[in-house]
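Below is one structure, written out as structure tokens; comments come after it.
Protein chains: 2
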Amino acid sequence: MMSKLSHYKELVDNFINELAQIKRFPPIFQEALFYTPKSGGKRIRAMLVMCAADMFGADETKSLHIASAIELMHAYSLIHDDLPVMDNDDFRRGKPANHKVYGEDLALLVGDGLNTYTFNVIADAPIDDARKVKIVKWLSNNAGIGGMVVGQVVDVLSSRDRLKGHSHKKLVNFIHKHKTAKLIQASVVCGAICGNPDDVQLDRLAKYGLYAGVAFQIIDDYLDVVGDEEKLGKKKVDEINNTLTYPKVYGLKRSYDIAQKLKDMAILQIKDIKGSKELIDIAKLIVERDR
Amino acid sequence: MMSKLSHYKELVDNFINELAQIKRFPPIFQEALFYTPKSGGKRIRAMLVMCAADMFGADETKSLHIASAIELMHAYSLIHDDLPVMDNDDFRRGKPANHKVYGEDLALLVGDGLNTYTFNVIADAPIDDARKVKIVKWLSNNAGIGGMVVGQVVDVLSSRDRLKGHSHKKLVNFIHKHKTAKLIQASVVCGAICGNPDDVQLDRLAKYGLYAGVAFQIIDDYLDVVGDEEKLGKKKVDEINNTLTYPKVYGLKRSYDIAQKLKDMAILQIKDIKGSKELIDIAKLIVERDR
Numbered sequence: 001m002m003s004k005l006s007h008y009k010e011l012v013d014n015f016i017n018e019l020a021q022i023k024r025f026p027p028i029f030q031e032a033l034f035y036t037p038k039s040g041g042k043r044i045r046a047m048l049v050m051c052a053a054d055m056f057g058a059d060e061t062k063s064l065h066i067a068s069a070i071e072l073m074h075a076y077s078l079i080h081d082d083l084p085v086m087d088n089d090d091f092r093r094g095k096p097a098n099h100k101v102y103g104e105d106l107a108l109l110v111g112d113g114l115n116t117y118t119f120n121v122i123a124d125a126p127i128d129d130a131r132k133v134k135i136v137k138w139l140s141n142n143a144g145i146g147g148m149v150v151g152q153v154v155d156v157l158s159s160r161d162r163l164k165g166h167s168h169k170k171l172v173n174f175i176h177k178h179k180t181a182k183l184i185q186a187s188v189v190c191g192a193i194c195g196n197p198d199d200v201q202l203d204r205l206a207k208y209g210l211y212a213g214v215a216f217q218i219i220d221d222y223l224d225v226v227g228d229e230e231k232l233g234k235k236k237v238d239e240i241n242n243t244l245t246y247p248k249v250y251g252l253k254r255s256y257d258i259a260q261k262l263k264d265m266a267i268l269q270i271k272d273i274k275g276s277k278e279l280i281d282i283a284k285l286i287v288e289r290d291r
Numbered sequence: 292m293m294s295k296l297s298h299y300k301e302l303v304d305n306f307i308n309e310l311a312q313i314k315r316f317p318p319i320f321q322e323a324l325f326y327t328p329k330s331g332g333k334r335i336r337a338m339l340v341m342c343a344a345d346m347f348g349a350d351e352t353k354s355l356h357i358a359s360a361i362e363l364m365h366a367y368s369l370i371h372d373d374l375p376v377m378d379n380d381d382f383r384r385g386k387p388a389n390h391k392v393y394g395e396d397l398a399l400l401v402g403d404g405l406n407t408y409t410f411n412v413i414a415d416a417p418i419d420d421a422r423k424v425k426i427v428k429w430l431s432n433n434a435g436i437g438g439m440v441v442g443q444v445v446d447v448l449s450s451r452d453r454l455k456g457h458s459h460k461k462l463v464n465f466i467h468k469h470k471t472a473k474l475i476q477a478s479v480v481c482g483a484i485c486g487n488p489d490d491v492q493l494d495r496l497a498k499y500g501l502y503a504g505v506a507f508q509i510i511d512d513y514l515d516v517v518g519d520e521e522k523l524g525k526k527k528v529d530e531i532n533n534t535l536t537y538p539k540v541y542g543l544k545r546s547y548d549i550a551q552k553l554k555d556m557a558i559l560q561i562k563d564i565k566g567s568k569e570l571i572d573i574a575k576l577i578v579e580r581d582r
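Residue numbers (this note's numbering), protein chains in the order written: chain H, 1 to 291; chain Y, 292 to 582.
So this is what it looks like as structure tokens:
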């Protein structure tokens, strides 16, 4: 199993490295543009795309573009999240954040560029137009104002006491569902769309993505409390930023239990679909990782 | 003629007003998201989309989504351009800039959201999938790292003396072509794609868009020098920001002449295509306007 996931990760790393080779003026822009996408990471979204595609009969040549595109989208969100006006995080994956290397101005524009470029990579994918349009529709909703962006909005506003009258439980659930889980959901769904899922299967995959996505964020925050800084490769900025997290709202033990429960719910959605072994493994990996 | 353009503007204003009515949590986000798209402007990009569509047999119900989507893309670029880390402009169209009303954090996210939402609106347009994919491909290049974004990168870097060894003429041409003209070009091309242009016609429209787009930016900078602040509705921030402009590089008189020349070159590309009257009129309007 791990070798298949490692293989997908390697394909995506190589694909992004190739995009990074395309000559662009000015050279500093070309460098800044791919600094974050190339800086590793687990490529969990890409793996979800490619496993889901494989499940429904689309081989890796078809899903690779989509997997890489979603990693570019994810990279833009990290770059903007780290900006001083957002989470003000100087480090990402143990390296200086994009704006610490290239300046806030260039980092902002590089994020903008990657956001838009995502759709260019999708438009160029070797799949038919109907599939591309479905993928654009899902991703532009889930990574945008119907998902990731509004999640970050509520995160930022609530941490700055600009959202009154809502319970912390409601807010932290909204934030995790939108900021993290919707992009995870789009990853599995867009991967599946590369192949031939039926509507019921797509709906089950969407639920799997949402549950696994929330579990992913809970474990992230959990590790942020119990893990050491070196392992996570970033400072514990949640405390400084007054960010709402599951450990803060539900306590450490209960948060871990909720993540386990969500993992089980995610697996339950897909375990009867043929070829779901990898997605089940990824759901387990999400809650069992130590970084 | 004017009534047709006014009609298009009204359709786009109404379409965007309808999008702004969709209930979103939190309400401040819904408001901030459409503050800039609703704040008027000439809607010249939308008019270009709809006139080009009309030229090639696509009626306004088909082009309206695309026209509105491109105005959302334009609005995101204005919001991000005005941020303190970019041009630091407090006013836009005579009103406080988005970040002056909602804060830099929300303005950054609203810009991100509009960028992504543009592709959602395109995916929902009442045209076939092949056309949608072509439009996504053009727009994601021309509004992104192959156009608007890299234009702003070079603008910002050159104004901050971070790009050495290039002539001012080379830089100002690169900036205008990419930052402004490429989105104007995408507008006419994407409009035409709604209908049935042949490859030669599409190529001519693309050239028209590039020439008219550069002329548009030259006149903008020209008016910034000769016009008064009230008319343009913004402070003369180019001087403060050390921005490269045609008037600065070529002088005021020569800049105006170059814009006229570009207008003629734009018109020459399309004048033999049936139904090009409106696009010819817009090219004239671009260089003859006083704001």
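By construction, the Cβ of each residue, glycine as well, lies at the ideal position given by its N, Cα and C atoms.
Helix, strand or coil at residue i [DSSP, three-state]
i: Pro247 (chain H); result: helix
i: Pro126 (chain H); result: coil
i: Pro96 (chain H); result: strand
i: Phe119 (chain H); result: helix
i: Phe25 (chain H); result: coil
i: Phe382 (chain Y); result: strand
i: Arg336 (chain Y); result: helix
i: Thr36 (chain H); result: coil
i: Phe347 (chain Y); result: coil
i: Met556 (chain Y); result: helix
i: Met1 (chain H); result: A caution first: Met1 (chain H) carries a pLDDT of 49, below 50, which makes its placement in the model too unreliable to give a value.
i: Gly404 (chain Y); result: helix
i: Arg580 (chain Y); result: coil
i: Ile564 (chain Y); result: coil
Residue-chain proximity (residue i, chain H), Cβ-Cβ < 8 angstroms
i: Gln443 (chain Y); result: yes
i: Phe306 (chain Y); result: no
i: Asn532 (chain Y); result: no
i: Ala414 (chain Y); result: yes
i: Gly482 (chain Y); result: no
Min CB distance residue i to chain Y below 8 angstroms
i: Met47 (chain H); result: no
i: Met1 (chain H); result: Note on Met1 (chain H): pLDDT 49, under 50, position unreliable in the model; no value is reported.
i: Val136 (chain H); result: yes
i: Phe119 (chain H); result: yes
i: Thr36 (chain H); result: no
Straight-line Cα distance separating residue j from residue i
i: Leu559 (chain Y); j: Val121 (chain H); result: 34 angstroms
i: Glu18 (chain H); j: Leu72 (chain H); result: 13 angstroms
i: Pro488 (chain Y); j: Gly348 (chain Y); result: 9 angstroms
i: Pro26 (chain H); j: Lys554 (chain Y); result: 29 angstroms
i: Gly486 (chain Y); j: Glu351 (chain Y); result: 11 angstroms
i: Ala366 (chain Y); j: Ala186 (chain H); result: 26 angstroms
i: Asp54 (chain H); j: Ala192 (chain H); result: 8 angstroms
i: Tyr541 (chain Y); j: Lys460 (chain Y); result: 8 angstroms
i: Leu11 (chain H); j: Ser458 (chain Y); result: 41 angstroms
i: Met1 (chain H); j: Pro84 (chain H); result: Unreliable placement is indicated for Met1 (chain H), whose pLDDT of 49 sits below 50; no coordinate value is reported for it.
i: Ile571 (chain Y); j: Ile561 (chain Y); result: 8 angstroms
i: Val101 (chain H); j: Phe29 (chain H); result: 12 angstroms
i: Asp221 (chain H); j: Asp81 (chain H); result: 16 angstroms
i: Val150 (chain H); j: His176 (chain H); result: 11 angstroms
i: Arg45 (chain H); j: Asp238 (chain H); result: 23 angstroms
i: Leu171 (chain H); j: Leu514 (chain Y); result: 48 angstroms
i: Lys277 (chain H); j: Lys4 (chain H); result: 11 angstroms
i: Asn98 (chain H); j: Tyr35 (chain H); result: 7 angstroms
Proximal residues of chain H, C-beta to C-beta of residue i below 8 angstroms
i: Pro317 (chain Y); result: Val153, Val154, Leu157, Leu163
Closer than 7 angstroms at the beta carbon, the chain H residues around residue i
i: Phe320 (chain Y); result: Val150, Val153
i: Lys598 (chain Y); result: Outside the shown range of chain Y, which is 292 to 582, sits residue 598 (chain Y), and nothing can be said about it.
Contact set between residue i and chain Y, taken where Cβ atoms lie within less than 8 angstroms
i: Glu104 (chain H); result: Val376
i: Leu33 (chain H); result: Ile436
Distance cut-off 7 angstroms: residue i Cβ against heavy atoms of the ligand GDP
i: Ala497 (chain Y); result: In the structure shown, the ligand GDP is absent, as is every other ligand, since no ligand is present at all.
Partners in chain Y for residue i, counting only beta-carbon separations shorter than 7 angstroms
i: Gly113 (chain H); result: Gly435, Ile436, Val440
i: Asp129 (chain H); result: Asp420, Ala421, Val424
Beta-carbon neighbours of residue i, restricted to chain Y and to distances below 9 angstroms
i: His80 (chain H); result: Leu399, Leu400, Asp403
i: Ser140 (chain H); result: Thr407, Tyr408, Thr409, Phe410, Asn411, Val412, Ile413, Ala414
i: Asp238 (chain H); result: Correct list: empty, because the minimum Cβ distance to chain Y is about 16 angstroms.
Self-check item: Segment contact flag, the segment 422 to 433 of chain Y with the segment 103 to 111 of chain H, C-beta cutoff 8 angstroms, min 3 pairs
Solution: Judged by Cβ distances under 8 angstroms, the segment 422 to 433 of chain Y makes no contact with the segment 103 to 111 of chain H, as fewer than three pairs qualify.
Practice problem: Determine contact between the segment 215 to 223 of chain H and the segment 174 to 190 of chain H, defined as no fewer than three beta-carbon pairs at a distance below 8 angstroms. | Solution: Verdict: yes, contact present.
Quiz item: Should the segment 142 to 151 of chain H be regarded as contacting the segment 390 to 399 of chain Y, the criterion being three or more beta carbon pairs within less than 8 angstroms?
Solution: no
Quiz item: Is it true that the segment 74 to 91 of chain H meets the segment 34 to 42 of chain H, where meeting means three or more beta-carbon pairs spaced less than 8 angstroms apart?
Solution: yes
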